[in-house]
Amino acid sequence: MDLFKIKVISMTDQEKLSAILVDEVAIKKYLNYNPTYDVHEGLEDFGSFGKTGQFDDYALVFMLLVLTKKWKQPIAYYLSSGPTKVHLLQHLIIKSVNQTQALGFTLKFVIWDQGSNNRAVTQRFGVTSQDPYLFVNGNKVFLIFDPPHLIKNARNNLKKYGFTVSGETVSWSFIEEFHKQDSATPIRFARSIFTATICQFRCEACNSSSQPYSCSWDICNGETKITTRRSICYSKLF
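Under the numbering used here, the first residue of the sequence shown is numbered 1, with each subsequent residue one higher.
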C-alpha cells in the first residue's frame, strides 16, 4: 500500500476519481508448499478475516481503476472454497472501500456483475434503483452492475423467456429467423449479425463481449417489426 500512497501524491484531484472493480473467477485446486514463507498455498485464505484448511477453487479480485486516465491496479485478492459467502463479501467490500479512501483516492463506484451473492450483498447494503449508493465514512459510493453483464443478462432473458412491452412481444426467434433469411441473400442488410454469434448464443455460457452485435440491425418487416424497434432502442443506449 505504500506504493499507492506515493502514486496518489502525484495525482490531481480529478485523477483521484476512481472505482473498484470486483470479480470472482474459478481456479484449479492446487496445493503447494512455499519454503520462503513456510506456508502451504492453495488453501482458503481471506487475509485478516481468517484462513481454513479447505482447498481453494475460487479467487475474488479487487482492482482499483482511475476514471479520468488509463491507470488500474489490483489491490487485493482472496482465495475461497466455492464462491465467497455473502456476509464475508460484504465485509470485504467495506474493507476495500475504507482502504482506498484512506490512501487518498476519491472513490465513486464499486462495479461488479449480477451474480447471486453480489445481488444479495447489494440488498444487505440497502442499495436500490432509487438510491443506488451507500455511505462509507460520510462519502457516497455508488454500487452498480457492469454494463457488459447487463447486456448479457438482457440477452439471456430475451432468449429464454422473451419480453412483453406495452402488450407487444419481443422474441429472440424473430432475430434468428431474420438472420436465416438475410444470410441467404447476395447483399446483407444486417451486417452486424453473424452466424457464429447466433450459434454462440444457443449455448448457456457465452462471452459478454459479443452481446451488442445481436442488438442492432438495419431493416425489418412483418411481425419482426416490434422486436426490431425495441432492439434498436436498446442498442442506442450504447
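All C-beta atoms, glycine included, are put in the ideal place defined by N, C-alpha and C. These numbers come from a predicted model, not from an experiment.
Inter-residue CB distance, residue i and residue j (contact presumed, cutoff 8 Å)
| i | j | result |
| --- | --- | --- |
| Leu103 | Met1 | 7 Å |
| Val86 | Pro74 | Val86 to Pro74, Cβ: 23 Å. No contact. |
Spatial neighbours of residue i in its chain, beta-carbon cut-off 6 Å, leaving aside the 5 residues before and after
| i | result |
| --- | --- |
| Asp45 | Lys51 and Leu79 |
| Leu31 | Gly42 |
| Trp112 | Val22 and Asn118 |
| Lys7 | none |
Reference residue i; option with closest CA among the options
| i | options | result |
| --- | --- | --- |
| Lys28 | Gly42, Trp172 and Thr36 | Gly42 |
| Ile226 | Ser173, Gln181, Asp23 and Thr185 | Ser173 |
| Gln54 | Lys16, Ser81 and Lys69 | Ser81 |
| Val170 | Glu177, Leu158, Asp38 and Asn137 | Leu158 |
| Gln90 | Ser183, Phe4 and Leu134 | Leu134 |
| Phe4 | Phe178, Pro35 and Lys72 | Lys72 |
C-beta contact flag for residue i and residue j at 8 Å
| i | j | result |
| --- | --- | --- |
| Ile20 | Ser96 | yes |
| Glu24 | Ala59 | yes |
| Asp57 | Ala26 | yes |
| Lys69 | Glu15 | yes |
| Thr100 | Ser18 | yes |
| Val141 | Phe109 | yes |
| Asn156 | Gln114 | no |
| Asn98 | Asn137 | yes |
Neighbour flag for residue i against chain C, beta carbons, 8 Å
| i | result |
| --- | --- |
| Ala102 | Absent here is chain C; the protein component of the structure consists of one chain. |
Cut-off 7 Å between Cβ atoms - residues of its own chain near residue i, not counting five sequence neighbours on either side
| i | result |
| --- | --- |
| Tyr33 | His40 |
Residues near residue i by beta carbon distance below 8 Å, same chain, minus five either side
| i | result |
| --- | --- |
| Cys203 | For Cys203, the pLDDT reaches just 47, beneath the cut-off of 50, and the residue's location in the model is therefore unreliable, although a value from the coordinates is still provided. None. |
Any contact between the region 145-153 and the region 123-136? By contact I mean 3 or more CB pairs, one from each, below 8 Å. no
Does the region 5-14 come within contact of the region 104-115, defined as at least 3 CB pairs closer than 8 Å? yes
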